[in-house]
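For the record, the sequence lines run as chains L and Z. The opening residue of the first sequence carries number 1128 in the working numbering; numbering runs sequentially from there. The opening residue of the second sequence carries number 84 in the working numbering; numbering runs sequentially from there. Ideal Cβ positions, reconstructed from N, Cα and C, are used throughout, including at glycine. Shown next, in structure tokens, is the structure this report addresses.
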Amino acid sequence: MSEQIDDLIKSHYAAGFVTDIESDTLPPGLNADVIRFISAKKNEPEWMLEWRLKAYRAWLEMVEPHWAHVSYPDIDFNAMSYFSAPKRDEDRPQSLDEVDPKLRETYDKLGIPLHEQEMLAGVAVDAVFDSVSVGTTFRKKLYEAGVIFCSISEALQDHPELVRQHLGTVVPQKDNYYAALNSAVFSDGSFVYIPKGVKCPMELSTYFRINEAKTGQFERTLIVADEGSEVSYLEGCTAPMRDENQLHAAVVELVALDNAKIKYSTVQNWYPGDEEGKGGIYNFVTKRGVAHTNAHISWTQVETGSAITMKYPSCVLKGDNSIGEFYSVALSSNFQQADTGTKMIHLGKNTRSTIISKGIAAGHGSNTYRGLVRMNPGATGARNYTRCDSLLIGDQCGAHTFPYIESKNPTAIIEHEASTSKVSDEQLFLCRQRGIGEEKAVSMIVNGFCKEVFRELPMEFAVEAGKLLEVSLEGAVG
Amino acid sequence: MLSIKNLHATVEGKEILRGLDLDIGAGEVHAIMGPNGSGKSTLGHVLTGRQGYEVTAGEVTFMGQDLLALAPEERALTGLFLAFQYPVEIPGVSNMEFLKTAVDGMRKHRGLEVLDSVSFMKQAREVCKRVDLDQNFLKRGVNEGFSGGEKKRNELMQMMLLEPHLGILDETDSGLDIDALQLVASGINSMRDSKRSFILITHYQRLLDFIEPDHVHVLGAGRIVRSGDKSLALELEDKGYGWLESEAV
Ligand SMILES: Nc1ncnc2c1ncn2[C@@H]1O[C@H](COP(=O)(O)OP(=O)(O)OP(=O)(O)O)[C@@H](O)[C@H]1O
Ligand SMILES: [Mg+2]
């Protein structure tokens, strides 16, 4: 079967595929030629193209999943374009004055500096030069430490063997529908390698935030922490991203070798759509890490934005004594739907995992926690602690919790706690009677609710995350 | 300072306040007494603008403003404070953060500089001492797991920090042991001055032994049925409300 497809692809190609390699965009539609085009455009090694095609063939035979507690119209994958070069300067806004005032208002509320605002809004100015120089200083410091931090396209040119060794080892091409699609067509993303015993000298953040403005809808991230190394990686941006792509299907793979530690923090604020939920982003992401002996992987995420979110950052605790953690705040207001959670797969002895999930639903939002804790037969003495708290604001929203527990080792211990609370009128009135306006009061209560997760975020991100929730909840009360 | 004229208010369609008149001048202390269910707490809630209480007639002026036209937080910022009969808990929000947010807002409104965390902390600790609450209460969630008496003292602490023009204390004395009662009373007394006024809602003469009221009113079925000086409270203690109800009809 797959051979047949292969032949088909080849024959089509042989028949004279004429897409101009110099062109900037591809017409909508997905076929093997599109993948060849992307790969050629990026000057990828042959094995990479084969890898992509294998993913594409797998994807063709898969069906779109519909098990999550979300609903949305079918996605037409042939109506999308899978490659477009960055916009030319003359097509971009020439100054912030040309940017949607509503967007600017939000930037101001979040306290984002002007030059960063310009970048985020895609203004065609010297902000780009700024970012290049900032990037360069960082790079120098990282280079001295032996850390590799670059786009995955660059990594494929400069460190192809490292990429080849690890790509797809955590999230294989056939893992799931969206991961397969991502593997076939991913545009770009980041690559990080921390050498043995090195503690990365800085949070990998600012540089990336600047980079972020350019990333496409199929992003691929691979982080490899070699034995005994340590890294803290910050993804995302508190500013709402202007993006014309509705579907985002990223893949993030973390490899923590023996005694290594990876901390991955996300603050994500995609455009959630208007008050009725129209035009928002679908965020279907596959994030997973493998922890080898004594390794430690920690996911922290603050999710607002997106019309629909489905993501389950997971840990495969492969080595003995390895540790997995998941701290999450997910907010859905207006008509947003979020179905998120984690999977902790315990394979090794004495592995430990902690899950703290805080779901907030406001307006007509729907928030679902879905988590799997699996203790495999070899997970002797393993432990998991899970707590899922939901906070409801108003009475049109909903929160759901679906914990799945599978234990195949009698010595493993799994603890699960859950709670649902409401922001009551009495609480709001107490705040207002003390002169605290309703929105401020809600954000104070919500921040209090999220404290345990915010504590896990790097300092600067924690402050931003608090502000972000405040802005996101505006208009969600009353 | 506060002038209430012919106030009528309903809760869930039921008329609770039925033509209430009350005038409070600057620096005065008024005690409001009256049987359970007569509308004392309702008055506090209507004045502070709680949702669900609908004013159907009447006027209220506070500090020269039409009080009923203001949102609850604006009323608070104008200097109206209510110590709740049943303070609610806000788990997860630390008392300290809550107080700082409230005081910051109040200072901004009054055109004062916002205190930095260190000086605010110092001030909060002092006030803790004045109401005899351990400093640990600043770190705990707002009223979270506080005993009845601790909640009342926490209310008083908030009033001390916010320094309102008019404090309405709804049964702040109920459920207090005798030492705490004296402490609360001396706390209130220490805040009394020629500008600040209080409404003390209480069932017990014993509070008025410590805080001498300028006026005592009896609320019956949603209006003031009797007003007098402190001797009225003594008379009530003696005879109960029965004799008033027959008079009021
Ligand atoms: N939300 C409500 N829904 C229905 N009835 C209410 C509501 N709030 C108050 N009431 C009613 O209004 C009346 C007055 O209540 P209020 O709490 O003002 O009395 P009170 O004088 O403070 O009594 P107490 O001395 O027991 O504190 C009572 O009959 C009460 O049941
Ligand atoms: Mg009462």
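Original post:
How big is the Cα-Cα spacing for L/L1595 and L/V1412?
Top reply: 21 Å
Original post:
Are the C-beta of L/L1519 and some C-beta of chain Z separated by less than 7 Å?
Top reply: no
Subject >> Bounding residues of the alpha helix (DSSP H) (the contiguous stretch that carries L/I1279) >> reply: I1279 to D1285
**OP:** From the DSSP output, read off the bridge partner residues of L/E1188.
**Re:** According to DSSP, L/E1188 bridges with nothing at all.
**OP:** Could you spell out where the alpha helix (DSSP H) holding L/L1308 opens and where it closes?
**Re:** Y1304 to V1312
Subject >> Which of helix, strand or coil DSSP assigns to Z/N27 >> reply: This structure does not reach residue 27 of chain Z, given that chain Z is present from 84 up to 332, and the question cannot be answered.
**OP:** Report yes or no: is there a C-beta of chain L within less than 7 Å of the C-beta of Z/V176?
**Re:** yes
Original post:
Do we get a CB-CB distance below 7 Å when we pair Z/V94 with the residues of chain L?
Top reply: no
**OP:** Give a yes or no on whether the minimum CB-CB distance between L/E1553 and chain Z is below 7 Å.
**Re:** yes
Subject >> Within 7 Å, strictly: CB atoms of L/V1274 and L/I1321 >> reply: yes
Original post:
Where do the ends of the beta strand (DSSP E) carrying L/T1513 lie?
Top reply: R1510 to I1520
Original post:
In the stretch 104 to 127 of chain Z, which residues sit with their C-beta less than 7 Å from some C-beta in chain L, listed in chain order?
Top reply: none
Original post:
Regarding Z/Q168 and ligand 2, is the C-beta to nearest heavy atom distance less than 6 Å?
Top reply: yes
Subject >> Where Z/M243 falls, given that 16 or more other Cβ within 10 Å makes a residue buried >> reply: buried
Subject >> Interface flag, L/I1482 vs chain Z, CB-CB below 7 Å >> reply: no
**OP:** Using the Cα positions of Z/S273 and Z/R193, report the straight-line distance between them to the nearest angstrom.
**Re:** 22 Å
**OP:** Examine chain L for any beta-carbon lying closer than 7 Å to the beta-carbon of Z/L130, and answer yes or no.
**Re:** no
**OP:** Taking only beta-carbon positions, decide if Z/T184 is within less than 7 Å of chain L.
**Re:** yes
Subject >> Entirely enclosed alpha helix (DSSP H) segments - the stretch 1535 to 1583 of chain L, minimum 4 residues >> reply: 1552 to 1560 and 1565 to 1581
Original post:
What do you get for L/Q1523, buried or exposed, if any count of 16 or more other CB atoms within 10 angstroms of its CB means buried?
Top reply: exposed
Original post:
Contact check, Z/V267 vs L/L1557 under 8 Å by CB: the rounded distance?
Top reply: The pair is not a contact, with the Cβ atoms about 19 Å apart (cut-off 8 Å).
Subject >> Residues proximal to ligand 1 by C-beta, any heavy atom closer than 5 Å >> reply: Z/V94, Z/E95, Z/I99, Z/N119, Z/G120, Z/S121, Z/G122, Z/K123, Z/S124 and Z/T125
Original post:
How many Å lie between L/G1486 and L/Y1454 at the Cα?
Top reply: 11 Å
Subject >> For L/D1257, three-class secondary structure by DSSP >> reply: Its pLDDT being 38, under 50, L/D1257 is placed unreliably by the model, and nothing is read from it.
**OP:** With 8 Å as the C-beta to C-beta threshold (strictly closer), list the residues of the stretch 187 to 201 of chain Z near chain L in chain order.
**Re:** G188, M189 and H192
Original post:
Does any residue of chain Z bring its CB to less than 7 Å from the CB of L/I1487?
Top reply: no
Subject >> Candidates L/M1471, L/E1430 and L/K1414: closest to L/Q1464 by CA position >> reply: L/E1430
**OP:** Would you kindly work out how many angstroms separate the C-alpha atoms of L/A1195 and L/M1437, rounded to a whole number?
**Re:** 8 Å
Subject >> L/G1416, buried or exposed, once every other Cβ within 10 Å from all chains shown has been counted against 16 >> reply: buried
Original post:
Z/A152 to Z/L163, Cα distance in whole Å?
Top reply: 14 Å
Original post:
Shorter than 7 Å from the beta carbon of Z/A331 to some beta carbon of chain L?
Top reply: Only weak support is given to the placement of Z/A331: the predicted model assigns it a pLDDT of 49, under 50, and the value that follows is read from those uncertain coordinates. With 7 Å as the cut-off, Z/A331 does not count as an interface residue toward chain L.
**OP:** Please check the pair L/L1331 and L/Y1360, which I expect to be a contact at CB under 8 Å, by giving their CB distance rounded to whole angstroms.
**Re:** 5 Å
Subject >> L/R1163 - partner residues in DSSP beta bridges >> reply: In the DSSP output, where bridge partners are listed per residue, L/R1163 has none listed.
Original post:
If we cut at 7 Å on Cβ distances, does Z/R133 have a partner in chain L?
Top reply: yes
Original post:
If you draw a straight line from the C-alpha of Z/A207 to the C-alpha of Z/E238, how long is it?
Top reply: 13 Å
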